[in-house]
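Heads up, the thing below is written out as structure tokens.
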Amino acid sequence: MVEIVLKKGKEKAALQRHPWVFSGALEKIKGKPEDGDVVKVFAFDNEFLAYGYFNSNSRVAVRLLEWDETQTIDKAWYENRLKQAIASRQFILTEETNTCRLVFSEADFLPGLIVDKYANFLSLQILSSGIEKVKDIIVDILKAALNPTGIFDKSDATARTHEGLPIENGLIWGENPPELLEVKENGIIYNINIADGQKSGFYCDQRDNRKILASYTKGKRVLDCFSYSGGFSLNSLANGAKSITSVDSSALAVETLKQNIILNHFSEEKVTAIQSDVNKQLRAFKESGETFDVIVLDPPKYAPSRSALDRAARAYKDLNRLGMLLLEKGGLLATFSCSGAVDIETFKQIIAWAALDAGKEVQIIKQFCQPEDHPVRISFPEGEYLKGLLLRVL
């Protein structure tokens, strides 16, 4: 096995079990590893640190996965890791919910692997060359452990290009999922599109937050921005919201929301679904004098990296300022960021700037986070990407 030695003083993060070793930390490579190979990583004084996946194309040159030198990274090792991850999510899967994230990359000691369960189908995202190299092993283990109807490769994230990997989007094994697959979350039925939908097909990471927010919406006029398949809208309808206005730029998302309303036998008359750029639509609402009791702002990732932080901060501030201006006095704003580069304190500061620009007093009444199937390793804070605030705007 190829050995990699780190520069003097660069072992601290690995000793603290952070899973990333950056290319600038490498002192010496003893051998010629291929991208995706498992290598042994040593400190400058030759102390063993960990096993990890090597990649010459990535700024993260080694993704660490095992700190016990006595372990062998073979099929049995992967089977143990996968079964451990799957077992830890079983309490989520009930008669009310048949979709969740089964494997969450570094959080489950499988850097670059995401596995989502949608009814009896699995959607995989493979985001590291190491996992790509053992994809067949992963699929065999998942087949034996879960007996799915089909396993779909949804590896179309731009992160793959940073690893020198091609985009993949297609069936790996079994049957293709139907174009519209029914899944259930918190008792609400959704039609999702694995092949052409956003992310891996559905946003499981907002499961708990949808339910929490719905408890505030009974009898309220709700505006759901970036509504996608209607998670916040449908939960609010289920809890007795007076009316829902849903806005998304995607025609497919708007059509899917309409289908989901019918699927759950909710009142179509209560819902106005608008295909539009959200910022443009918020300005149109402001010009027409329209207001709401509860507003949800759940935008896409504005800051994919720290280099984009300043631009993202301006975008978040403008979006939230517009939202605040459309609320009735004392109304609630549920605002989210899924950008890992924006931590919660930075997000709060952005909200404070937005409130100042809007001329509003704002109270934080609740903080949102990602659910149990998206755990955060204490040694890997970068895994905590989703954060949100429930604000009372005065």
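Residue 226 in my numbering sits at position 228 of the sequence shown, and the numbers go up by one each step.
Even for Gly, the Cβ is constructed at its ideal location relative to N, Cα and C.
Within the continuous beta strand (DSSP E) that includes residue i, where are the two ends?
i    : result
W171 : G168 to G172
R61  : V58 to E64
Q123 : F119 to I124
D114 : L111 to Y116
A271 : V269 to Q273
F52  : F46 to F52
R84  : A quick correction: the sequence has Ile, not Arg, at residue 84. No beta strand (DSSP E) contains I84, which is instead part of the alpha helix (DSSP H) from K73 to A85.
K26  : L24 to K28
T97  : T97 to F102
E1   : E1 to L4
R219 : R219 to C223
L295 : F290 to L295
When we look at the beta-carbon of residue i and count the other beta-carbons within 10 Å, is it buried (16 or more) or exposed?
i     : result
M(-1) : exposed
R319  : buried
N174  : exposed
Q14   : exposed
T270  : exposed
G195  : buried
S337  : buried
A251  : buried
S286  : exposed
L312  : One point to set straight first is that residue 312 is Arg, not Leu, in the sequence displayed. Under this definition R312 is an exposed residue.
R57   : exposed
A159  : It is worth fixing the name first, because residue 159 is Thr in this sequence and not Ala. Result: exposed.
P109  : buried
L163  : buried
T254  : buried
N189  : buried
S103  : buried
L280  : buried
A85   : exposed
Q204  : buried
A59   : buried
N53   : buried
E9    : buried
I165  : exposed
L140  : buried
N207  : buried
A282  : exposed
Please state if the CB of residue j and the CB of residue i are separated by a distance shorter than 8 Å.
i    : j    : result
L169 : F150 : yes
S274 : V245 : yes
L221 : L323 : no
L80  : A143 : yes
L127 : G34  : First, the amino acid is wrong: residue 127 is Ser here, not Leu. Yes, Cβ-Cβ distance for S127 and G34 is below 8 Å.
F107 : L63  : yes
S153 : L122 : yes
F290 : G328 : no
F40  : E67  : no
F334 : L384 : yes
S231 : V276 : no
P297 : F200 : no
N78  : E161 : no
N118 : T156 : no
L388 : A350 : no
I363 : R390 : yes
W171 : V137 : yes
A11  : V374 : no
A352 : K315 : yes
Just to confirm the assignment, what range does the alpha helix (DSSP H) spanning residue i have?
i    : result
D206 : R205 to A212
S244 : Per DSSP, S244 belongs to no alpha helix (DSSP H); it is in the beta strand (DSSP E), S241 to D246.
G386 : Per DSSP, G386 belongs to no alpha helix (DSSP H); it is in the beta strand (DSSP E), K385 to V391.
F345 : I342 to A356
D308 : L307 to L323
V19  : V19 -> not in any alpha helix (DSSP H); beta strand (DSSP E) instead, spanning W18 to F20.
F378 : That residue, F378, is in no alpha helix (DSSP H); it is neither H nor E in DSSP.
Q361 : Counting along the chain, Q361 falls outside any alpha helix (DSSP H), though it belongs to the beta strand (DSSP E) covering V360 to C367.
F40  : That residue, F40, is in no alpha helix (DSSP H); its beta strand (DSSP E) goes V36 to F40.
N237 : Unbroken run through N237: none, as it is neither H nor E.
T254 : A249 to L261
N277 : V276 to S286
K10  : K10 to L13
Q: Please confirm if the segment 179 to 191 is in contact with the segment 55 to 72, defined as three or more CB-CB distances below 8 Å between the two stretches.
A: no
(Q) With a threshold of 8 Å, are at least 3 pairs of Cβ atoms found where one atom belongs to the segment 298 to 315 and the other to the segment 258 to 266? (A) no
Q.
Quick check for students: name the residue ranges of the alpha helix (DSSP H) that lie wholly in the segment 131 to 191, counting only runs of 4 or more.
A. 133 to 144 and 157 to 160
(Q) With a threshold of 8 Å, are at least 3 pairs of Cβ atoms found where one atom belongs to the segment 230 to 237 and the other to the segment 255 to 262? (A) As far as the Cβ criterion goes, the segment 230 to 237 touches the segment 255 to 262, which means the pair count is three or higher.
Q. Is the segment 112 to 122 close to the segment 88 to 101, with three or more CB pairs under 8 Å?
A. yes
**Q.** contact_flag[the segment 18 to 28, the segment 85 to 95] where n(CB pairs < 8 Å) is 3 or more
**A.** no
Q | Inter-stretch contact (C-beta, 8 Å, three-pair minimum) for the segment 304 to 315 and the segment 356 to 369 | A | With a cut-off of 8 Å, the segment 356 to 369 and the segment 304 to 315 do not count as touching, because too few Cβ pairs lie within range.
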